[in-house]
Amino acid sequence: MGVLLFVLLYLWRKSIFLSVMSAQYLALIFLYQAVLLVGWVWGSIVGVSDFAVAIRDFVAIVFGGGVFLGLLLCFASKKDDFITAQNYFYQGVRDSVLFVLCPVFLISMFWGHLFGVSLWYHDIIYYKWTGFSNNPNQVALLSSILPLFFIKIYSVCRYKLFAFCYLAITLSVGVFTMSSALQVSWIAGFCFYFINDFRSANKIFLRLACFVFLFMCGVVAVLYSKANVLITGYVNNFITSDGGQGESRLVLWSNAILAIEKSPFVGFGPGSFSGYNGPFGKEEAHNIFIDIGTNTGVIGGVIFFIFLFSLLVFSVVRKRRFSGALLASLISYSLFHYTLRMPIFWCVCAFVVADLFESSASRREID
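In our numbering, the protein residues as written are 174 to 540.
(1) Counting C-beta neighbours from all protein chains within 10 Å, is the total for Ser291 16 or more, i.e. buried, or is it exposed?
(2) If you run the structure through DSSP and keep just helix, strand and coil, what is Trp293?
(3) In whole angstroms, give me the CA-to-CA distance for Ala458 and Asn369.
(4) In or out: Lys492 buried (at least 16 other Cβ within 10 Å) or exposed?
(5) Which word fits Arg331, buried or exposed, when buried means at least 16 other C-beta atoms lie within 10 angstroms of its C-beta?
(6) Within 10 Å of its beta-carbon, does Glu420 have 16 or more other beta-carbons around it, so buried, or fewer, so exposed?
(7) Helix, strand or coil: how does DSSP classify Tyr300 here?
(8) So Asn460 is in the alpha helix (DSSP H); what residue range does that whole segment cover?
(9) Might you give, ordered along the chain, the residues of its own chain that have their beta carbon closer than 8 Å to the beta carbon of Glu531, omitting 5 neighbours on each side?
(10) According to DSSP, what are the bridge partners of Ser447?
(11) Taking the alpha-carbon positions, what's the Ile342 to Ser358 distance?
(12) Measuring CB to CB, does Leu500 end up less than 7 Å from Leu484?
(13) Among all the DSSP beta bridges, which residues are the ones paired with Leu287?
(14) Just how far apart, CA to CA, sit Leu314 and Val219?
(15) Taking 7 Å as the threshold (C-beta atoms), are Glu456 and Ser447 in contact?
(16) At which residues does the alpha helix (DSSP H) containing Cys247 begin and terminate?
(17) Could you pull the start and end residues of the alpha helix (DSSP H) that Cys364 belongs to?
(18) Go to Met194, then tell me how far its alpha helix (DSSP H) extends in each direction, as first and last residue.
(19) In terms of alpha-carbon separation, which member of Gly497, Lys325, Thr257 lies closest to Ser488?
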């Protein structure tokens, strides 16, 4: 189905205003879904695939691909007035935060429930803000990119106070998720944005090297702060957003790699194949690339690596600092969580692809 849809998109690309580069990224998504399906067949044959979990994950990923396609087409149809379309998008993000997220968050400060739904998640130590989601990690994923939109919202907002209120709310929501992965993603996003503003760093590789250096410094700072908490004996919460699971997260990564070794080329299809006592314990690895490896093996891993990091390189080459910052933040957060099922992941990817290849200026660069 994905291959047929790609063929139709290629034949109709002029009618639907889709660039060749965007079509190639769609092809990568459809190819990944095909490999995922092959892995599912193999996982079912060897008896490690849980049908209920597999169908949930597969539908979620296919739906995410549909979200990617739909948003990409919406932006592509506005290629001659792309800046205006982007500004409306930024204003929509601002209004959603100020008039939806902000009231819910403020109400939750006084009442823990709203419409019969608990807005907080209580683990052993912390209360973490979840909003209407199932767990705080979903809110943290959204919060990984929302503060970055302040950069654009400030420039299009007539009343600058609204922009600063937006920033305060998004940062507060993120802080109350108690996510260390979120801190790393903020460091990555803002470092990527500002390092590409250095006029003295004209070389692409110099910029990337500076970004990697600053990013690692930020990670070290986060780990050091968490290490101080460990020393005082309060919580083992470094490199993870789920208090007390730093060591277990490493165990999940190790056991997921053992699962990959059992089917290195196509994986076992959608589902969770890590575990605390060994592979195939029906637990996620909580790392997007390791989880992709268990789902689609090396083939799917290479496809998705090309998809994400080529976009990151293009954002540097074409000087799209904001899109690159969004992607850097998203990738950094995904190093500690499996985000492929989340629609927000595909929304960010669609925005980045559209910004790189679908505006009139981008198409002139391609031509």
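Even glycine gets a Cβ: it sits at the ideal position worked out from N, Cα and C.
This structure is a prediction, so every number in the text was calculated from the model and none was measured.
Taking the definition as stated:
(1) Indexing the sequence shown from 1 puts residue 291 at position 118. Per the 10 Å Cβ criterion, exposed.
(2) Position 120 of the sequence shown, counted from the first residue, corresponds to residue 293. It is a strand residue.
(3) As a working note, residue 458 is residue 285 in the sequence shown. As a working note, residue 369 is residue 196 in the sequence shown. Rounded to whole angstroms, the gap between the alpha carbons of Ala458 and Asn369 is 32 Å.
(4) Along the sequence shown, one-based indexing puts residue 492 at 319. The residue in question, Lys492, is exposed, as its Cβ has fewer than 16 Cβ neighbours within 10 Å.
(5) Translated into the one-based positions of the sequence shown, residue 331 becomes position 158. Counting the other CB atoms within 10 Å of its CB gives Arg331 a total below 16, which places it among the exposed residues.
(6) Locating residue 420 in the sequence shown gives position 247, where the first residue counts as 1. Exposed, by the Cβ-count rule.
(7) Numbered from its first residue, the sequence shown carries residue 300 at position 127. In the three-state reduction of the DSSP assignment, Tyr300 falls in the strand class, which pools E and B.
(8) Residue mapping note: residue 460 aligns to position 287 of the sequence shown, counting from 1. Premise fails: Asn460 is in no alpha helix (DSSP H) and is neither H nor E.
(9) For the purposes of this step, residue 531 is identified with residue 358 of the sequence shown, where counting begins at 1. Correct list, in chain order: Phe190, Leu191, Ser192, Ser195, Leu245, Phe248, Ala249, Lys252, Phe255.
(10) If you number the sequence shown from 1, residue 447 lands on position 274. Glu456.
(11) Here residue 342 is taken as the residue at index 169 of the sequence shown, counted from 1. Here residue 358 is taken as the residue at index 185 of the sequence shown, counted from 1. The straight-line gap from Cα to Cα measures roughly 17 Å.
(12) Start at 1 with the first residue of the sequence shown, and residue 500 comes out as number 327. Start at 1 with the first residue of the sequence shown, and residue 484 comes out as number 311. Result yes, Cβ atoms of Leu500 and Leu484 sit closer than 7 Å.
(13) Translated into the one-based positions of the sequence shown, residue 287 becomes position 114. Val290, per the DSSP bridge assignment.
(14) Position 141 of the sequence shown holds residue 314. Position 46 of the sequence shown holds residue 219. So the alpha carbons of these two residues sit roughly 34 Å apart.
(15) Taking the sequence shown and counting its residues from 1, the one referred to as residue 447 is at position 274. Taking the sequence shown and counting its residues from 1, the one referred to as residue 456 is at position 283. Remark: C-beta atoms of Ser447 and Glu456 approach each other more closely than 7 Å.
(16) Here the question's residue 247 lines up with position 74 in the sequence shown. Looking at the DSSP string, the run of the alpha helix (DSSP H) that includes Cys247 is 224-249.
(17) Here residue 364 corresponds to residue number 191 of the sequence shown, with the count starting at 1. Residues 353-368.
(18) Start at 1 with the first residue of the sequence shown, and residue 194 comes out as number 21. That run of the alpha helix (DSSP H) goes 193-219.
(19) Position 315 of the sequence shown holds residue 488. Cα-wise, what sits closest to Ser488 is Gly497.
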